[in-house]
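Everything below concerns the one structure shown next.
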Amino acid sequence: MEEEQNLSKFASGGVLDKKGNPADKSKTGGWTAAAIILGAELSERMCVIGIASNLVTYLVGKLHLSNADAANIVTNFMGTLYLLCLFGGFIADSLLGRFKTIAIFGTIQALGVGLLAFSTSLPSLQPPACTDNHQSCIQASGKMMAFLYASLYITAFGVGGVKSNVSGFGSDQFDNEDPKEQRKMIYFFNRFYFCISIGSLFAVTVLVYIQDNIGRGWGYGIPAGSMILAVALLLGGSYLYRFRKPVGSPLTQIARVLVAAWRNRRMSLPPDPSLLNQDGYGNAIDPTKRRILHTNQFPCLDKAAILDPNMVQSSKSSPWKLATVTRVEEVKMVLRLLPIWSSCIMFWTVYSQMTTFSVEQADTMDRRIGSFKIPAASLQIFLVGSIMLFTTLSEKAIVPYLRRLTGNVHGITSLQRISVGLVLSIVAMLAAALVEKKRLDTAKEHGLSQNQNATVPVSVYWLVPQFFLVGAGEAFAYVGQLEFFIKESPVTMKSMSTGLFLSTLSLGFYWSSLLVTMVNKVTKHGKNRGWLPSNLNSGRLDYFYWLLAVLSVINLVIFFFFARWYKYKEEWGSNEEDENSTNMKELNTNLEKTKTEELEVYVDV
14 MEEEQNLSKF ASGGVLDKKG NPADKSKTGG WTAAAIILGA ELSERMCVIG
64 IASNLVTYLV GKLHLSNADA ANIVTNFMGT LYLLCLFGGF IADSLLGRFK
114 TIAIFGTIQA LGVGLLAFST SLPSLQPPAC TDNHQSCIQA SGKMMAFLYA
164 SLYITAFGVG GVKSNVSGFG SDQFDNEDPK EQRKMIYFFN RFYFCISIGS
214 LFAVTVLVYI QDNIGRGWGY GIPAGSMILA VALLLGGSYL YRFRKPVGSP
264 LTQIARVLVA AWRNRRMSLP PDPSLLNQDG YGNAIDPTKR RILHTNQFPC
314 LDKAAILDPN MVQSSKSSPW KLATVTRVEE VKMVLRLLPI WSSCIMFWTV
364 YSQMTTFSVE QADTMDRRIG SFKIPAASLQ IFLVGSIMLF TTLSEKAIVP
414 YLRRLTGNVH GITSLQRISV GLVLSIVAML AAALVEKKRL DTAKEHGLSQ
464 NQNATVPVSV YWLVPQFFLV GAGEAFAYVG QLEFFIKESP VTMKSMSTGL
514 FLSTLSLGFY WSSLLVTMVN KVTKHGKNRG WLPSNLNSGR LDYFYWLLAV
564 LSVINLVIFF FFARWYKYKE EWGSNEEDEN STNMKELNTN LEKTKTEELE
614 VYVDV
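Each residue of the sequence shown is one higher than the one before, counting from 14 in our numbering.
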């Protein structure tokens, strides 16, 4: 009884305090620790959105690049940023741990944003202003672009380490096997995204205004300073956190299982999964070890855990020749994620239009409110506002109602959240195509089709529906994906799984760049400037939006197919369990007694 009380005092899952002892739930973790971590995410978003939301206007207006080239620079930057999250997750899981990774890469991110503030402030790093009413413009030189690229990709490198670990490190502060803390964790993901939205809202309003009206140096310098402050607070609160030790490279773990399965491919599986190489845990002294029970999917991988009768008496075997059931099941978990992962990419291709062509659309429309002219990038306030609205509604109304209706503690499943986001992204592209058609028709009626710098007499508020719908979709898709990839992945690969999720954003932005390049190549011929020329008034951006809508519908059908195929951990009955559980100790004891005898019988047969 006393032992059970002592165990309940400590967080499960092998989390430790700063001194390396089992984490005491009354002294570590919880909302105090999570609040500091959420602050780091807020600053990270201020930096990223402060750059991405308004960079295209700087590239076109100050560096004199074409609309398509500017859009591709933004989407390639964002794509690389999220792709580097895989690297950040790898470093955390295999070497540094989440806390150190966030601190180090957060400092690198602040350095990159600071360099961007420097590069956009110096006249020597910008070409001369256009002459002849913007008819004669000199593009930025290679030296100017090189400095810009350096600052952008140093920033991207830093963000990759921060972004891939903040959500995982925050969720580590709650014990998923404590009912009270489990409920808090559910709300953590919503509040995590709410902080993302607050940072984004500040970026598309205050920072964008500062960039356009005071100077880019201040507009980028402020978020750089906020990131330095966030890292300082993170380091100062180190005694509050629950830490998880790095357990080695997850890629190495996956490779070992695949190699061992290939080596044993000619061997037959035993009739009973208990004859596979079990973990041999059960040491009650170590409460940190966890195991995963066997599942029957991907049986070819089970061959990695086949015990060679000649090695039964051997105390140790190469992990490249023999894997445990737990290691095999971890690889199975990752493989199950991949179909869902692939069908989430298209949503972020749609989302990327809100930071590129939608901003360029706004730049050509009537943005006046009295004597005040709204910055084109500030239209994203409707995207961020929609995210905040639906995130709040989800936490306060939708989830509680659906929890009572379905009996599911989450209200709706992660995959159902994602599907809602995908549907809303399709509606957003339909709305965007119709509004762009109206804008083009108005430009033609007023003889503005050949005037690149003319203001089309259409209110910029016609763009609100597409921003609002994409924001609503993101509130469902982002939270759903984040929850899905963190909760359905192995505990030992949480940072890598977060990086895997964020790589869907990366590939979504890259796919947008590829589509823009392909569309320009296919639609440009002779005097035809194509769908996406430098002068949007003479292009057919609406056709591009229709193309995205069609691709999104096809993707939605594929997603539904994969979602019906997918089984959650609970459905497999293979949840990760503490090694101190009574059932696990009994199982291990029985296995130790009978393993050799049963194997001999199996070999004889």
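Where a beta carbon is used, it is the ideal one built from N, C-alpha and C, also for glycine.
- Query: Does the distance from the C-beta atom of VAL172 to that of GLN224 stay below 9 Å?
  - Reply: no
- For the stretch 347 to 380, which segments carrying the beta strand (DSSP E) assignment without a break, of at least 3 residues, lie completely within its bounds, in sequence order? none
- Message: So, for SER547: in the same chain, excluding its five sequence neighbours on each side, which residues have a beta-carbon less than 6 Å away from its beta-carbon?
- Response: SER79, ASN80
- State the DSSP-derived secondary structure class of ASN309, mapped to helix, strand or coil. coil
- Check each candidate in LEU220, ALA245, VAL244 and name the one with the smallest Cα separation from TYR233. LEU220
- Helix, strand or coil: which one does DSSP assign to ASN541? strand
- Identify every residue that forms a DSSP beta bridge with ASP37. PHE23
- Query: What three-state label does DSSP hand LYS386 in the structure shown?
  - Reply: strand
- Query: Which residue spans inside the stretch 449 to 529 form an unbroken alpha helix (DSSP H) run of at least 4?
  - Reply: 477 to 500
- Rounded straight-line distance, which links the Cα of GLY261 to that of VAL272: 17 Å
- Separation of VAL504 from ALA318, as counted between CA atoms: 20 Å
- Message: What does DSSP give as the partner residue(s) for THR144 in the beta ladder?
- Response: SER149
- Message: I'd like to know whether the C-beta of LYS156 is nearer than 9 Å to at least one C-beta of chain B.
- Response: Of the protein chains in this structure there is only one, and it is not chain B.
- PHE215, enclosing alpha helix (DSSP H) - first and last residue: 192 to 215
- Task: With DSSP collapsed to three states, give me the class of PHE187.
- Result: coil
- Among PHE522, ARG257, LEU335, VAL73, nearest to MET506 - alpha-carbon criterion: ARG257
- Query: What runs of the beta strand (DSSP E), each 3 residues or longer, lie entirely inside the stretch 28 to 111?
  - Reply: none
- Query: Going by DSSP, which residues form a beta bridge with PHE573?
  - Reply: BP columns for PHE573 are empty, so no partner.
- Query: Which whole-angstrom value describes the C-beta separation of VAL397 and SER213, a residue pair presumed to lie in contact below a C-beta threshold of 8 Å?
  - Reply: 5 Å
- Item | CA-to-CA distance, GLU501 to LEU282, given in whole angstroms | 26 Å
- Message: Suppose you measure from the CA of MET240 to the CA of LEU264; what does that come to, to the nearest Å?
- Response: 30 Å
- Item | Limits of the alpha helix (DSSP H) - the one that PRO648 falls within | Outside the displayed range of the chain (14 to 618) lies residue 648, so it cannot be described from this structure.
- Message: For a quick check, are the C-beta atoms of LEU253 and THR45 less than 9 Å apart?
- Response: yes
- Compute the Euclidean distance between the alpha carbons of GLY484 and MET346, then round it to the nearest angstrom. 30 Å
- Task: Note the first and the last residue of the continuous alpha helix (DSSP H) segment covering GLY261.
- Result: Per DSSP, GLY261 belongs to no alpha helix (DSSP H) and is neither H nor E.
- Cβ pair LYS572, SER438 closer than 9 Å: Note that residue 572 is Phe in the sequence shown here, rather than Lys. Cβ distance not < 9 Å, so PHE572 and SER438 don't count as in contact.
- Message: I need the straight-line Cα distance from VAL570 to GLY434, nearest angstrom please.
- Response: 14 Å
- When we look at the beta-carbon of VAL270 and count the other beta-carbons within 10 Å, is it buried (16 or more) or exposed? buried
- Cα separation between LYS75 and ASN226? 14 Å
- Task: Starting from the C-beta of SER134, find all residues in its chain whose C-beta is less than 8 Å away, skip the five residues before and the five after it, and write them out in chain order.
- Result: GLY228, ARG229, GLY230
- Query: Apart from the five residues on each side of it in sequence, which residues of its chain come closer than 7 Å, Cβ to Cβ, to ASN464?
  - Reply: ASN550
- In chain order, what residues of the same chain lie with their CB nearer than 7 Å to the CB of TYR166, ignoring the 5 residues before and after it? THR93
- Task: Within 10 angstroms of the Cβ of CYS313, are there 16 or more other Cβ atoms? Answer buried if so, exposed if not.
- Result: exposed
- Query: When the Cα atoms are used, what is the spatial distance from PHE205 to THR41?
  - Reply: 19 Å
- Task: Could you name the residues of the same chain whose beta carbon sits closer than 7 Å to that of LYS334, not counting the 5 residues immediately before and after it, in chain order?
- Result: ALA273, ARG276
- Message: Could you check whether GLN393 and SER66 sit closer than 9 Å to each other, using their CB atoms as the reference points?
- Response: yes
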